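Residues -9 to 354 (the working numbering) make up the sequence shown, in order. Glycine residues also receive a C-beta, built at the ideal position from the N, C-alpha and C atoms. Only a predicted model underlies this, so the values are computations on that prediction, with no experimental measurement involved.
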Amino acid sequence: MAMLGAQPAQALTNILQNPPQLPLRQETTSYTALPSQAKVLGQGKTLKEFDLSIEYINSRIRNPGERRIDQVRLRGYVGTNTSEDTPFVAPTIEVNPGDTVRVNLKNNLPIVPNCKVSPEKINEPHCFNGTNLHTHGLWISPTGNSDNVLLSINPGEEFQYEFNIPPEHPAGTFWYHPHRHGSTALQVASGMAGALIVHGDRKPEADGINQFTHGDIDTLLAGLTDMPERILVLQQIQYACLDDEGEIKVRKDLAGNVVAWVCDDEDTGGIEFYDSPGGNGLFGPGTWDKSGRHTSINGKIIPIIRGDGAHIPRVKAGQIERWRAIHAGVRDTISLEFRKSQRPVKGSIRYVKASEQDDWIQKY
């Protein structure tokens, strides 16, 4: 994974932008819970409702190691403002402590024939078009129509989730993704993950001697009104193209070792299974390194952080920025570093193979 700072004008074709914000279907600020429900429904002051669909998306993903752009067909979240330029990162959901949040999730994926599994095999890969919605890190109920990972929203079905965020919930950076047993990795590896931001404006207070009420981290930054904020959703989108035998197309070195998964011009990459007929699977140990794929950032491969000065904040020396980083991948660890080039850079990291990026960075 790599990001670039300011680059020559001719290179500015892959600009990093924040994921689109999921717009409200409705917001009811006069929403009031009954006293008996107040603890369950948070403050009972605001009801926020969102619409979110899951569909197959036809698009393209840059493959720097092969110096090409691959055609892909992957499952993805679709919201009102979903970007056609970066469809494989979900829209951002923004809420506040005390909100009652409803998400209308519609599964528009096609029905898979003969999709059945016995209860004792529920955790084995199966029924890849069944899904659900899980939030990562929120202090909310895991039962009923709340954050319940045992639910299965099958193709053609629609379900309304209700997340009752406690009024004492801290502000912070969280995320959401599918967590249906049997299809989680396959769907998350398609880019089905998005940021969930809880905003807060509570300042710390002293209640007495050595007694304090914690405030929100947002208040520490309140004076920086012009501070740019960037959301970075890091993902490993593990698509593959298949040959006539149903095996993953690969490129090998002279010793016969797989060094990259490849796609030809007539191919469309996808993620439709865990293991191919020959056992050359998508999700086994070491498969991500063999794929030669790059970790994406907000659906882009090796994006450039620059901004146009209008819709996207420019990077400025001495400027304080807030970066919210979310590791929403399934097959690689992330070590986030900021490095200044020690010498003039020759060439561009945008065309460096994933396996050679560390050496390239150490060199410059």
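I'd like to confirm something about residue i: is its beta-carbon nearer than 7 Å to some heavy atom of the ligand GTP, or not?
| i | result |
| --- | --- |
| His284 | Among the components of this structure there are no ligands whatsoever, and the ligand GTP is therefore not found. |
Pick helix, strand or coil for residue i, following the three-state DSSP scheme.
| i | result |
| --- | --- |
| Trp129 | coil |
| Ser136 | coil |
| Thr19 | coil |
| Ala315 | strand |
| Ala250 | strand |
| Val91 | strand |
| Lys111 | helix |
| Tyr151 | strand |
| Ser338 | coil |
| Lys280 | helix |
| Ala175 | helix |
| Gly376 | The chain is shown from -9 up to 354; residue 376 falls before or after that span and cannot be answered. |
| Lys193 | coil |
| Thr203 | strand |
| Val49 | The amino acid occupying residue 49 in the given sequence is Ser; Val does not appear at that position. DSSP places Ser49 in strand when its eight states are reduced to three. |
| Leu210 | helix |
| Gln61 | strand |
| Thr286 | Per the sequence presented here, residue 286 reads as Ser, with Thr not at that position. Here Ser286 sits in strand by DSSP. |
| Glu327 | coil |
| Lys306 | coil |
| Glu56 | helix |
| Gln261 | It is worth fixing the name first, because residue 261 is Ile in this sequence and not Gln. Correct three-state label for Ile261: coil. |
| Ile292 | coil |
| Ile101 | coil |
| Ile227 | coil |
Going by DSSP, name the residue or residues bridged to residue i.
| i | result |
| --- | --- |
| Phe164 | Leu186 |
| Val240 | Trp251 |
| Lys38 | Glu17, Val91 |
| Leu12 | Per DSSP, none; premise fails for Leu12. |
| Arg220 | Trp313 |
| Leu232 | Ile238 |
| Ser43 | Val68, Lys96 |
| Thr82 | Gln11 |
| Gly198 | Gln201 |
Would residue i be called buried (16 or more neighbouring beta carbons within 10 Å of its own) or exposed?
| i | result |
| --- | --- |
| Val335 | exposed |
| Met217 | exposed |
| Ala250 | buried |
| Ala307 | exposed |
| Gln7 | buried |
| Ser108 | exposed |
| Gly236 | exposed |
| Arg57 | exposed |
| Gln210 | The sequence given here places Leu at residue 210; Gln does not occur at that position. Counting Cβ neighbours within 10 Å, Leu210 comes out exposed, since fewer than 16 surround it. |
| Thr203 | exposed |
| Asn119 | buried |
| Ala179 | buried |
| Ala245 | exposed |
| Pro168 | buried |
| Gly289 | buried |
| Leu140 | exposed |
| Asp254 | exposed |
| Arg65 | buried |
| Leu326 | exposed |
| Arg283 | buried |
| Asp89 | buried |
| Arg241 | exposed |
| Pro275 | exposed |
Leaving out five residues on either side along the sequence, give the residues of the same chain with a beta carbon under 7 Å from the beta carbon of residue i.
| i | result |
| --- | --- |
| Thr125 | Asp137, Phe153, Phe164, Tyr166, Leu186 |
| Cys117 | Val102, Cys105, Val107, Gly172, Ser173 |
| Asp322 | Gln226, Trp278, Thr285 |
| Pro194 | Phe202, Thr203, His204, Gly205 |
| Asp265 | Gly271 |
| His159 | Pro87, Trp129, Val188 |
| Gly181 | Leu64, Gly66, Phe78, Val79, Gln225, Ile227, Gly289 |
| Gly319 | Leu224, Gln225, Gln226, Thr285 |
By Cβ distance below 6 Å, which residues in the same chain neighbour residue i in space, the five residues on each side in sequence not counted?
| i | result |
| --- | --- |
| Arg52 | Ile59, Ile291 |
| Asp233 | Lys239 |
| Leu12 | Phe40, Gly69, Pro81, Ile83 |
| Ile96 | Note that residue 96 is Lys in the sequence shown, not Ile. If we look at Lys96 and ignore the five residues flanking it on each side, its Cβ neighbours are Ser43, Glu148. |
| Thr258 | Gln61, Arg63 |
| Thr19 | Thr36 |
| Asn200 | none |
| Glu17 | Lys38 |
| Arg91 | According to the sequence as given, residue 91 is Val; it is not Arg. The answer, listed in chain order, is Lys38, Val85, Phe153. |
| Arg170 | Gly120, Thr121, Asn122, Ser142 |
| Lys280 | Val248 |
Near residue i, what residues of its chain come up, given a Cβ to Cβ distance below 8 Å and the 5 sequence neighbours on each side ignored?
| i | result |
| --- | --- |
| Asp208 | Ala161, His189, Gly190, Asp191 |
| Leu99 | Ile44, Glu45, Tyr46, Arg65, Asn119, Thr121, Pro145 |
| Arg15 | Glu39, Phe40, Asp41, Asn94 |
| Trp350 | Ile339, Val342 |
**Message:** Pairs of beta-carbons, one from the segment 83 to 91 and one from the segment 176 to 194, closer than 8 Å: are there three or more?
**Reply:** yes
**Prompt:** Can at least three beta-carbon pairs, one atom from the segment 339 to 349 and one from the segment 50 to 64, be found at a separation below 8 Å?
**Reply:** yes
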